[in-house]
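**Student:**
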């Protein structure tokens with residue numbers, strides 16, 4: 040594979056860079072650079088800026104607001120977005136429910152939801168995991184009983200990220216309790232304003248409110264909100280998880296963090312010399328950069344072959360998920376190494392953006408982000424489960 044960009048691709052990259060340079064709000068750019076969380080309002084505003092350009096969901100089919108870009112152009116756009124740095128539009132909308140609706144939704148569902156998903160008029164969350172049903176998602180127990188033209192939902196979901204922001208939730212429910220584990224599951228959309236929904240915050244180790252537990256007590260959802268076939272939701276979920284795992288690689292995000300670690304290391308003195316000149320530090324940086332290049336090549340191959348698999352997930356997306364999450368963690372470890380004892384400072388208001396960050400605060404968010412990124416090897420299906428998927432699909436074991 041020739042990794043050199045063509046003149047047309049270089050021109051496209053320059054166009055993306057120029058747009059991001061002028062379009063990203065200065066305060067949002069600063070927050071992303073410092074590792075602060077941005078607010079719901081800032082995310083919605085940023086996605087609408089992208090959507091006005093037609094770039095909020097470029098991977099969607101063009102008839103639904105996507106761009107007729109090549110695989111390389113998609114890669115360039117995502118990398119430049121992360122390197123700008125700019126916030127990535129929320130994955131629940133752009134990488135999960137959007138592609139699912141395009142692949143499995145009815146014409147009416149597509150026409151209603153897709154424009155609102157792309158413009159963040161609807162903020163979606165994901166109702167998959169349950170107590171006792173995380174990596175073993177097929178064991179889920181949240182029930183959906185048909186009553187007339189509605190399903191009555193009872194159960195509990197957990198680790199529901201951004202549920203406190205969400206307008207809608209895409210969810211897996213059990214519609215046939217007698218079927219085998221992967222059967223009898225249905226994919227359905229739930230309006231978060233429906234009576235009977237209780238959302239309770241889970242404050243994570245970094246002190247931030249990102250995830251939640253959600254209780255469902257006789258929640259009535261119209262049958263019209265089912266995506267795909269009743270009792271065939273596992274097929275929809277596998278398609279969605281394939282999209283999620285490919286997106287979790289985030290090569291550009293890891294590149295940005297490695298670049299930032301190298302920049303910060305120039306101003307950290309070790310025995311009177313910049314840390315950036317230390318041979319052991321340079322060796323650590325080089326090791327991460329080599330693995331990032333290998334992951335980059337794998338990601339481009341997966342994207343280029345995406346049409347080959349149709350609705351079925353490319354099993355190599357599990358490689359992207361595993362290695363991508365490991366390298367995101369490796370990049371945060373590099374930043375922790377640079378910060379050293381400076382990372383001992385902990386200020387939740389700085390992390391959440393309630394307090395504006397200054398140049399002197401460069402280390403204040405490094406430790407919380409280091410701990411937060413421990414979870415990326417679990418979400419989207421734990422890395423241990425991905426090893427089993429690869430053994431079965433690629434090796435036939």
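In my numbering, the protein residues as written are 40 to 436.
Virtual Cβ for every residue (Gly too), placed ideally from N, Cα, C.
Predicted model only: the values in this text are computed from it and were never measured.
1) When you compare only the Cα positions, how much space is there between residue 206 and residue 422?
2) Considering only the alpha carbon of each residue, which of 308, 95, 195, 360 lies closest to residue 414?
3) When the Cα atoms are used, what is the spatial distance from residue 96 to residue 311?
4) Whose C-alpha, out of 307, 335, 288, 191, is nearest the C-alpha of residue 264?
5) Could you tell me whether the stretch 265-273 touches the stretch 195-205, where touching means 3 or more Cβ pairs closer than 8 Å?
6) Do residue 253 and residue 302 have their C-beta atoms within less than 8 Å of each other?
7) Using the rule of at least 16 other Cβ atoms within 10 Å of the residue's Cβ for burial, across every protein chain shown, is residue 165 buried or exposed?
8) May I have a chain-ordered list of the alpha helix (DSSP H) segments no shorter than 4 residues that lie completely inside the stretch 75-136?
9) Please name the residue in 232, 57, 188, 435 whose C-alpha comes closest to that of residue 119.
10) How is the alpha helix (DSSP H) around residue 359 delimited, first residue to last?
11) Based on the DSSP output, what are the partners of residue 248 in its beta bridges?
12) Can you grab the Cα-Cα spacing for the pair residue 155 / residue 376, in whole Å?
13) Where does the unbroken beta strand (DSSP E) through residue 227 begin, and where does it stop?
14) Counting Cβ pairs closer than 8 Å, one from the stretch 229-241 and one from the stretch 140-150, do we hit at least three?
15) So, at 6 Å on beta carbons, what are the nonlocal neighbours of residue 350 in its own chain, with the 5 sequence-adjacent residues on each side left out?
16) When you compare each of 83, 133, 45 to residue 67 by their alpha carbons, which one comes out closest?
17) Buried or exposed: which applies to residue 114, given that a residue is buried once 16 or more other Cβ atoms fall within 10 Å of its Cβ?
18) Can you grab the Cα-Cα spacing for the pair residue 109 / residue 356, in whole Å?
19) What three-state label does DSSP hand residue 404 in the structure shown?
20) Checking 8 Å against the spacing of the C-beta atoms, do residue 159 and residue 132 come in under that value?
21) So what does DSSP say about residue 304, is it helix, strand or coil?
22) Straight-line CA distance for residue 127 to residue 81?
23) Taking Cβ to Cβ, would you say residue 213 is nearer than 8 Å to residue 227?
24) Would you mind reading off the limits of the beta strand (DSSP E) that contains residue 197?
25) Assign residue 207 to one of three DSSP states: helix, strand, or coil.
26) Output yes or no for whether 8 Å exceeds the beta carbon distance between residue 73 and residue 404.
27) May I ask which residues mark the beginning and end of the alpha helix (DSSP H) holding residue 153?
28) Can the beta-carbon of residue 392 be found less than 8 Å from the beta-carbon of residue 75?
29) By Cβ distance below 6 Å, which residues in the same chain neighbour residue 300 in space, the five residues on each side in sequence not counted?
30) With burial defined as no fewer than 16 other Cβ atoms inside 10 Å of the residue's Cβ, what is the status of residue 425: buried or exposed?
31) Alpha carbons only, please: which of 176, 137, 321 is nearest the one belonging to residue 101?
32) Count the other CB atoms, across all protein chains shown, that sit within 10 Å of the CB of residue 380; report buried if there are 16 or more and exposed otherwise.
33) In angstroms with no decimal places, state the Cα-to-Cα distance between residue 330 and residue 390.
**Tutor:** With the structure as the only source:
1) Distance between the alpha carbons of residue 206 and residue 422: 30 Å.
2) The option with the nearest alpha carbon to residue 414 is 360.
3) So the two alpha carbons sit approximately 48 Å from each other.
4) Of the candidates 307, 335, 288, 191, the one whose C-alpha sits nearest the C-alpha of residue 264 is 191.
5) No, the stretch 265-273 does not touch the stretch 195-205.
6) No, the Cβ-Cβ distance between residue 253 and residue 302 is not below 8 Å.
7) Buried is the label assigned to residue 165, since at least 16 other Cβ atoms lie within 10 Å of its Cβ.
8) Here the runs fully enclosed are 79-92, 110-122.
9) The shortest Cα separation from residue 119 among 232, 57, 188, 435 belongs to 57.
10) Judged by DSSP secondary structure, residue 359 falls within the alpha helix (DSSP H) whose first and last residues are 356-378.
11) Under DSSP, residue 248 forms a beta bridge with 242.
12) Cα to Cα, residue 155 sits roughly 42 Å from residue 376.
13) Counting along the chain, the beta strand (DSSP E) containing residue 227 begins and ends at 224-230.
14) No: fewer than three Cβ pairs fall under 8 Å.
15) The predicted model places residue 350 with a pLDDT of 48, which falls under 50 and marks its position as unreliable; any figure quoted below should be read in that light. Excluding residues within five positions, the ones whose Cβ falls inside 6 Å are 142, 278.
16) Closest by alpha carbon: 83.
17) Burial call: buried.
18) Between the alpha carbons of residue 109 and residue 356 lies a gap of roughly 19 Å.
19) Shown here, residue 404 sits in coil according to DSSP, grouped into three states, outside any helix or strand.
20) One thing to note: residue 159 has its Cβ within 8 Å of the Cβ of residue 132.
21) Here residue 304 sits in helix by DSSP.
22) Going from the Cα of residue 127 to the Cα of residue 81 covers about 12 Å.
23) Not closer than 8 Å, so no.
24) Its beta strand (DSSP E) spans residues 189-197.
25) Under the three-state reduction of DSSP output, residue 207 falls in the strand class.
26) Taking a C-beta distance under 8 Å as the contact criterion, residue 73 and residue 404 qualify as a contact pair.
27) Run containing residue 153: 146-157, per the alpha helix (DSSP H) assignment.
28) For residue 392 and residue 75, yes; Cβs fall inside 8 Å.
29) Contacts found: 373, 374, 377.
30) It counts as buried.
31) Minimum Cα-Cα distance from residue 101 among the listed residues 176, 137, 321 corresponds to 137.
32) Exposed: under 16 other Cβ atoms inside 10 Å.
33) Cα-Cα distance, rounded: 29 Å.
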